[in-house]
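What the sequence shown shows, in our numbering, is residues 516 to 631, in sequence order.
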Amino acid sequence: MATAKRRTGPKAKRTWLRVLVVLLLVVAAAAWFWRAPITGMSGAGAAYGARIACSCKYVGGRDLDSCRADLEDSMWAVFLSEDEAKQSVTARVPLVASETATYREGQGCVLESWED
Numbered sequence: 516m517a518t519a520k521r522r523t524g525p526k527a528k529r530t531w532l533r534v535l536v537v538l539l540l541v542v543a544a545a546a547w548f549w550r551a552p553i554t555g556m557s558g559a560g561a562a563y564g565a566r567i568a569c570s571c572k573y574v575g576g577r578d579l580d581s582c583r584a585d586l587e588d589s590m591w592a593v594f595l596s597e598d599e600a601k602q603s604v605t606a607r608v609p610l611v612a613s614e615t616a617t618y619r620e621g622q623g624c625v626l627e628s629w630e631d
């Protein structure tokens, strides 16, 4: 009875390299094709996250970590950071979008990109 030989060596490595290159090209093509919805939704998510977290922190007086719990579970890719000196919260979706909301007395939290 014959046993199958494992493919090892340069030929097997080339096969895996080709598969990896094709997979990366498919992912890059998909990202390029859906770039408008991805950036649009990421921008909206970052803006929502910044505004909600800023209001929670500077209007509600809560800790930023507790404010993170107010965001939807689907917003796992939104990262929050604060600047105490400027009274602002920045929400980022890595490599795609970033929005900052700043607390203004009498106005509440305002997104910087929406200020006049």
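For glycine and all other residues, C-beta sits at the position ideal for the given N, C-alpha and C.
**Message:** What does the Cβ neighbour count give for D631, buried or exposed, with the cut at 16 atoms within 10 Å?
**Reply:** Here residue 631 refers to the residue found at position 116 of the sequence shown. With a pLDDT of only 49 at D631, under 50, the local geometry of the prediction cannot be trusted, and no value is derived from it.
**Item:** Pairwise C-alpha distance: T530 and V537
**Value:** As a working mapping, residue 537 is identified with position 22 in the sequence shown. As a working mapping, residue 530 is identified with position 15 in the sequence shown. So the two alpha carbons sit approximately 11 Å from each other.
**Request:** Return helix, strand or coil for R529, following the three-state DSSP convention.
**Result:** In the sequence shown, residue 529 corresponds to position 14, counting from 1. Helix.
**Request:** Report the partner residues of D598 according to the DSSP bridge assignment.
**Result:** The count along the sequence shown starts at 1 and reaches residue 598 at position 83. BP columns for D598 point to S603.
**Prompt:** Can you name the start and end residues of the alpha helix (DSSP H) that Y563 belongs to?
**Reply:** What you label residue 563 is simply residue 48 of the sequence shown in a count that begins at 1. 550–569 is the extent of the alpha helix (DSSP H) around Y563.
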